[in-house]
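Visitor: The structure follows.
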Amino acid sequence: MKRLAIFGSTGSIGTQALDVVAMHSDMFCVEALTANNNVELLAEQALKFRPKVVVIANEQKRVELAERLRGTNIEVMAGEKAICDIASMETVDTVLVALVGFSGLRPTKCAIDAGKTIALANKETLVVAGEYIMGSAKEKGVSILPVDSEHSAIFQCLNGERHLEPKKIILTASGGPFRGKTREDLKDVTPAAALKHPNWSMGAKVTIDSASLMNKGLESIEAKWLFDVTPDKIEIVVHPQSVVHSLVEFSDGSIKAQIGEPDMRLPIQYALTFPDRVASPVKPFDFMNHGSWTFEKADRETFRNLDITFKAMTEGGNLPCMMNGANEIAVAEFLKGNLPFLSMPDVIEETMSRCTRLNTPTFEDYFETDKEARRIAREYIGSFTKR
2 MKRLAIFGST GSIGTQALDV VAMHSDMFCV EALTANNNVE LLAEQALKFR PKVVVIANEQ
62 KRVELAERLR GTNIEVMAGE KAICDIASME TVDTVLVALV GFSGLRPTKC AIDAGKTIAL
122 ANKETLVVAG EYIMGSAKEK GVSILPVDSE HSAIFQCLNG ERHLEPKKII LTASGGPFRG
182 KTREDLKDVT PAAALKHPNW SMGAKVTIDS ASLMNKGLES IEAKWLFDVT PDKIEIVVHP
242 QSVVHSLVEF SDGSIKAQIG EPDMRLPIQY ALTFPDRVAS PVKPFDFMNH GSWTFEKADR
302 ETFRNLDITF KAMTEGGNLP CMMNGANEIA VAEFLKGNLP FLSMPDVIEE TMSRCTRLNT
362 PTFEDYFETD KEARRIAREY IGSFTKR
């Protein structure tokens, strides 16, 4: 029985992970759950799965959570340090990191330091500090198993191959809700329209990143570190049906693809049960219901974030970190209605041009870079909105 800690249990990935756990209660035991603000759902999950400890990141909500769990023997903790503390619990084998954005970096490091297996659903951790994180994992002998559907697909295609370095990794993208749109079409796009993803049910931040194709850029950087490939070996192809989750081309010209329903419970379960495959809560794939598949080039002129992310990936250092921080601010301001959709890349590029460059950042340098990038992005957005 695998003993799990789920960081971000009330989000989209966390709730679907608990669906998998519920179906396989003979395989998994939930030891710890964490959430950022959602006290009500966290308490509901705790009462159902009975972990030893729960953590609410917002320390002001600790009392409310404790009150909801009064009469149980579940320990209630609060704050970022508490999340890191449970990463080292002796009773935890695997940590599912499903936190949103930069917030996943330090808890992932803590879990690696404690020697836990990592099921990683937080791509920003590798975007920001991929070299450091993968180096630490290798040093500690820790496995990092990808949860994103695209990286899970690549991982599955590479599994069993004698020569692991592929000729090419092909990441598929749905194209999001604005596939085929021009810059003129997107001039006045609203947050509500950007949140209507055609295929996937995800949190707001990831959905906006998908609409801007930033998500595919972030996934490219994550793939570089997970699979130890150079940027020139990563290709992005738009596949609107979202049933071919990604592909790998080998030196002999053969291509492997991983195919399945667009349901995140599949890659979540594979990460948690690896190397085994077990029955899934997802309906079986029926080729007759998916008769027509298409593949297109990504529109890099309209969706400029792709070129920005490849620039950051190629130049390295702390450039991906500043890019990520600026993007998180830009997405938040777009969702509030304070920034036009097409202006998000401008914010990111401006931030990258003004932030302090470091070629060999330390772990703590990433936090300083993130702080600086967010400050510059906010200042630029403030000046932008006053024009």
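In our numbering, the protein residues as written are 2 to 388.
Even glycine gets a Cβ: it sits at the ideal position worked out from N, Cα and C.
1) Use the C-beta contact count for Asn-319: other C-beta atoms within 10 angstroms, 16 or more gives buried, fewer gives exposed.
2) Looking at C-beta atoms only, is the number of pairs between the segment 226 to 239 and the segment 45 to 65 that lie closer than 8 Å three or more?
3) When we look at the beta-carbon of Ile-253 and count the other beta-carbons within 10 Å, is it buried (16 or more) or exposed?
4) Would you be able to state if there are at least three C-beta pairs under 8 Å between the segment 242 to 252 and the segment 358 to 369?
5) For Leu-267, collect the residues of the same chain with a Cβ closer than 7 Å to its Cβ; drop the 5 residues on either side in sequence, then sort them by chain order.
6) Rounding to the nearest angstrom, what Cα-Cα distance links Asn-37 and Thr-11 in this structure?
7) Could you spell out where the beta strand (DSSP E) holding Glu-32 opens and where it closes?
8) Within 7 Å: the Cβ of Glu-68 and any heavy atom of the ligand GTP?
9) Per DSSP, what kind of secondary structure is Leu-172 in: helix, strand or coil?
10) Since Gly-110 and Ser-89 are thought to touch, with beta carbons under 8 Å apart, how far apart are those beta carbons, to the nearest angstrom?
11) For a quick check, are the C-beta atoms of Met-324 and Met-353 less than 8 Å apart?
12) Taking the beta strand (DSSP E) that Ala-280 belongs to, which residues open and close that run?
13) Measuring CB to CB, does Ile-428 end up less than 8 Å from Ala-18?
14) Anyone know if the C-beta pair for Val-56 and Ala-79 falls short of 8 Å?
15) I need the DSSP call for Phe-311, collapsed to helix, strand or coil.
16) Would you kindly work out how many angstroms separate the C-alpha atoms of Ile-189 and Glu-91, rounded to a whole number?
17) Is DSSP giving Pro-167 helix, strand or coil here?
18) Restricting to Cα atoms, I'd like to know which of Phe-251, Leu-42, Pro-199 and Ser-344 is closest to Glu-185.
19) With distances taken between CB atoms, is the gap from Phe-311 to Ser-221 smaller than 8 Å?
20) Just mark Ala-33 as buried or exposed, buried being the case when its beta carbon has 16 or more other beta carbons within 10 Å.
21) Should Ala-212 be labelled buried (16 or more other beta-carbon atoms within 10 Å of its own) or exposed?
22) I believe Lys-124 touches Glu-223 by the beta-carbon criterion, under 8 Å. Please report the beta-carbon distance rounded to the nearest angstrom.
23) On the three-state DSSP scale, how would you describe Val-98?
24) Note down, one range per segment and in chain order, each beta strand (DSSP E) of at least 3 residues found wholly within the segment 202 to 284.
25) Which ranges does the alpha helix (DSSP H) cover as unbroken runs of at least 4 residues, wholly within the segment 70 to 144, from first to last along the chain?
26) Only counting the same chain, and skipping five residues up and downstream in sequence, which positions put a Cβ closer than 7 Å to that of Pro-178?
27) Specify, as a first and last residue, the run of the alpha helix (DSSP H) that Phe-156 falls within.
28) For Leu-121 versus Ile-7, is the C-beta spacing smaller than 8 Å?
29) Within a Cβ cutoff of 8 Å, which residues of the same chain sit near Thr-141, ignoring the five residues on either side of it in sequence?
30) Helix, strand or coil: how does DSSP classify Arg-4 here?
31) What is the rounded straight-line gap between the Cα of Leu-48 and the Cα of Phe-364?
32) Report buried or exposed for Trp-226, applying the criterion of at least 16 other Cβ atoms within 10 angstroms of its Cβ.
33) Identify, in the order they occur along the chain, each residue of the same chain with its Cβ nearer than 7 Å to the Cβ of Ala-44, setting aside the five sequence neighbours on each side.
34) By the DSSP assignment, the beta strand (DSSP E) with Val-21 in it spans what residues?
35) DSSP on Val-54, reduced to helix/strand/coil?
Guide: By the coordinates alone:
1) Within the sequence shown, numbered from 1, the residue matching residue 319 stands at position 318. The residue is buried, with at least 16 neighbouring Cβ atoms inside 10 Å.
2) Contact check between the segment 226 to 239 and the segment 45 to 65: fewer than three CB pairs, one atom from each, fall below 8 Å, which does not count as touching.
3) For this step, residue 253 is matched to residue 252 along the sequence shown. Before going on, a small fix: residue 253 reads as Asp here, not Ile. With fewer than 16 Cβ atoms within 10 Å of its Cβ, Asp-253 is classed as exposed.
4) no
5) For the purposes of this step, residue 267 is identified with residue 266 of the sequence shown, where counting begins at 1. Excluding sequence neighbours, Leu-267 sits near Gly-261, Ser-281 and Val-283.
6) Residue numbering aside, residue 37 sits at position 36 when the sequence shown is read from its first letter. Residue numbering aside, residue 11 sits at position 10 when the sequence shown is read from its first letter. Approximately 8 Å between the Cα atoms of the pair.
7) Position 31 of the sequence shown, counted from the first residue, corresponds to residue 32. That run of the beta strand (DSSP E) goes 29 to 36.
8) This structure lacks the ligand GTP; in fact it carries no ligand of any kind.
9) As a first step, residue 172 must be located in the sequence shown, where it is residue number 171. In the structure shown, Leu-172 falls within a strand segment according to DSSP collapsed to helix, strand and coil.
10) Here residue 110 refers to the residue found at position 109 when the sequence shown is read from its first residue. Here residue 89 refers to the residue found at position 88 when the sequence shown is read from its first residue. Correcting the residue identity first, residue 110 is Lys in this sequence and not Gly. That pair is no contact at about 11 Å.
11) As a first step, residue 324 must be located in the sequence shown, where it is residue number 323. As a first step, residue 353 must be located in the sequence shown, where it is residue number 352. For Met-324 and Met-353, yes; Cβs fall inside 8 Å.
12) Mapped onto the sequence shown, residue 280 falls at position 279. Per DSSP, Ala-280 belongs to no beta strand (DSSP E) and is neither H nor E.
13) Nothing can be reported for residue 428, as the shown portion of the chain is limited to 2 through 388.
14) As a position in the sequence shown, residue 56 is number 55, starting the count at 1. As a position in the sequence shown, residue 79 is number 78, starting the count at 1. Cβ distance < 8 Å, so Val-56 and Ala-79 count as in contact.
15) Sequence index remark: in the sequence shown, residue 311 carries index 310 (1-based). Phe-311 falls in the helix class under three-state DSSP.
16) Taking the first residue of the sequence shown as 1, we reach residue 189 at position 188. Taking the first residue of the sequence shown as 1, we reach residue 91 at position 90. Here the sequence assigns Asp to residue 189, which means Ile is not the residue at that position. Distance between the alpha carbons of Asp-189 and Glu-91: 52 Å.
17) As a first step, residue 167 is located in the sequence shown; it is residue number 166 there, counting from the start. The answer is coil: DSSP assigns Pro-167 none of H, G, I, E or B.
18) Numbered from its first residue, the sequence shown carries residue 185 at position 184. It is Ser-344.
19) As a position in the sequence shown, residue 311 is number 310, starting the count at 1. As a position in the sequence shown, residue 221 is number 220, starting the count at 1. Less than 8 Å divides the Cβ of Phe-311 from the Cβ of Ser-221.
20) Along the sequence shown, one-based indexing puts residue 33 at 32. Counting Cβ neighbours within 10 Å, Ala-33 comes out buried, since at least 16 surround it.
21) For the purposes of this step, residue 212 is taken as residue 211 along the sequence shown, with counting starting at 1. Taking a 10 Å sphere around the C-beta of Ala-212, we find 16 or more other C-beta atoms and assign the residue as buried.
22) As a first step, residue 124 must be located in the sequence shown, where it is residue number 123. As a first step, residue 223 must be located in the sequence shown, where it is residue number 222. Indeed, because the Cβ distance is near 5 Å, the residues count as touching under 8 Å.
23) On the sequence shown, residue 98 is found 97 positions in, with the first residue counted as 1. In this structure, Val-98 counts as strand in the three-state DSSP scheme.
24) Within the segment 202 to 284, complete beta strand (DSSP E) segments of at least 3 residues are found at 235 to 239, 245 to 250 and 256 to 260, given in chain order.
25) 81 to 88, 106 to 114 and 124 to 141
26) Within the sequence shown, residue 178 is the residue found at index 177, counting from 1. For Pro-178, where only same-chain residues beyond five positions count, the Cβ hits under 7 Å are Ala-194, Ala-195, Lys-197, His-198, Pro-199 and Ala-212.
27) Against the sequence shown, residue 156 aligns to sequence position 155. 150 to 159 is the extent of the alpha helix (DSSP H) around Phe-156.
28) For the purposes of this step, residue 121 is taken as residue 120 along the sequence shown, with counting starting at 1. For the purposes of this step, residue 7 is taken as residue 6 along the sequence shown, with counting starting at 1. It is not a contact, given that the beta carbons lie outside the stated cut-off.
29) Position 140 of the sequence shown, counted from the start, is the residue given in the question as residue 141. The amino acid occupying residue 141 in the given sequence is Lys; Thr does not appear at that position. Ile-113, Asp-114 and Gly-116.
30) Taking the first residue of the sequence shown as 1, we reach residue 4 at position 3. Arg-4: strand per DSSP, three-state reduction.
31) Here residue 48 refers to the residue found at position 47 of the sequence shown. Here residue 364 refers to the residue found at position 363 of the sequence shown. Looking at the two C-alpha atoms, the distance is approximately 37 Å.
32) Residue mapping note: residue 226 aligns to position 225 of the sequence shown, counting from 1. Classification of Trp-226: buried, given that the 10 Å Cβ count is 16 or more.
33) Within the sequence shown, residue 44 is the residue found at index 43, counting from 1. Leu-66, Arg-69 and Leu-70, listed in sequence order.
34) As a working note, residue 21 is residue 20 in the sequence shown. From DSSP, Val-21 is part of no beta strand (DSSP E) but of the alpha helix (DSSP H) over 13 to 24.
35) Numbered from its first residue, the sequence shown carries residue 54 at position 53. Looking at Val-54 - three-state DSSP - the assignment turns out to be strand.
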